[in-house]
Amino acid sequence: MLKKRMYMLQDLPDFKIVRKDLNPKLVQYFYEDQMLVDLAIYEAYTNAFIHGNKRNTDKMIQITLLFLHHSMIIRVRDEGEGFSHKQVKEKAMKRVNAPLEDQLDHGRGLIIMHQMMDSLHFSSSGNEVIMRKWYTSNRKGD
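Numbering (full-length UniProt numbering), first residue to last: 1 to 142.
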């Protein structure tokens, strides 16, 4: 089974299109984790819009969803200059166990993506994230 869906978005409210289309699949493949998977994808999209495209609605964000036999792969790519993902990820991961009041606003999206997904990779240019999530064992359907 291979199903592919691709979206080209320009603004934060546009994500509702993805969410409406994606929700039935999340229920089917992730059951109890559906909201957490949605949150991780939304965080990747939000980071692309705010940090990648600098809130410029003339720039596009591409979201590609691949539904494989046992997992889903999510690719989010913006038109920004990219960032040093290793440095930012290291800083964010150091704060994972810090009390909530000691955590900064920035970096939580990366922590959420890292915690919710089974794998998380960035392109060398830093303007693309690829995430994988294995379907839950109690998944419905094929």
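Ideal Cβ placement from N, Cα and C applies to all residues, glycine included.
Secondary structure of residue i, DSSP reduced to three states
{"i": "residue 62", "result": "strand"}
{"i": "residue 108", "result": "helix"}
{"i": "residue 113", "result": "helix"}
{"i": "residue 49", "result": "helix"}
{"i": "residue 15", "result": "helix"}
{"i": "residue 142", "result": "Because residue 142 carries a pLDDT of 42, less than 50, the predicted location of this residue cannot be relied on, and the following value inherits that uncertainty. DSSP places residue 142 in coil when its eight states are reduced to three."}
Under 8 Å between C-beta atoms of residue i and residue j
{"i": "residue 46", "j": "residue 126", "result": "no"}
{"i": "residue 74", "j": "residue 65", "result": "yes"}
{"i": "residue 78", "j": "residue 53", "result": "yes"}
{"i": "residue 117", "j": "residue 43", "result": "no"}
{"i": "residue 76", "j": "residue 40", "result": "no"}
{"i": "residue 15", "j": "residue 51", "result": "no"}
Terminal residues of the beta strand (DSSP E) in which residue i lies
{"i": "residue 74", "result": "71 to 78"}
{"i": "residue 128", "result": "128 to 134"}
{"i": "residue 5", "result": "3 to 9"}
{"i": "residue 119", "result": "119 to 122"}
Range covered by the alpha helix (DSSP H) that runs through residue i
{"i": "residue 32", "result": "It is not in any alpha helix (DSSP H) - residue 32 carries neither H nor E in the DSSP assignment."}
Span separating the alpha-carbon of residue i from that of residue j
{"i": "residue 80", "j": "residue 30", "result": "31 Å"}
{"i": "residue 62", "j": "residue 9", "result": "6 Å"}
{"i": "residue 71", "j": "residue 3", "result": "11 Å"}
{"i": "residue 27", "j": "residue 36", "result": "11 Å"}
{"i": "residue 24", "j": "residue 38", "result": "11 Å"}
{"i": "residue 134", "j": "residue 115", "result": "13 Å"}
{"i": "residue 7", "j": "residue 57", "result": "15 Å"}
{"i": "residue 121", "j": "residue 128", "result": "8 Å"}
{"i": "residue 20", "j": "residue 5", "result": "13 Å"}
Anticipated Cβ contact below 8 Å, residue i with residue j, distance rounded
{"i": "residue 119", "j": "residue 131", "result": "7 Å"}
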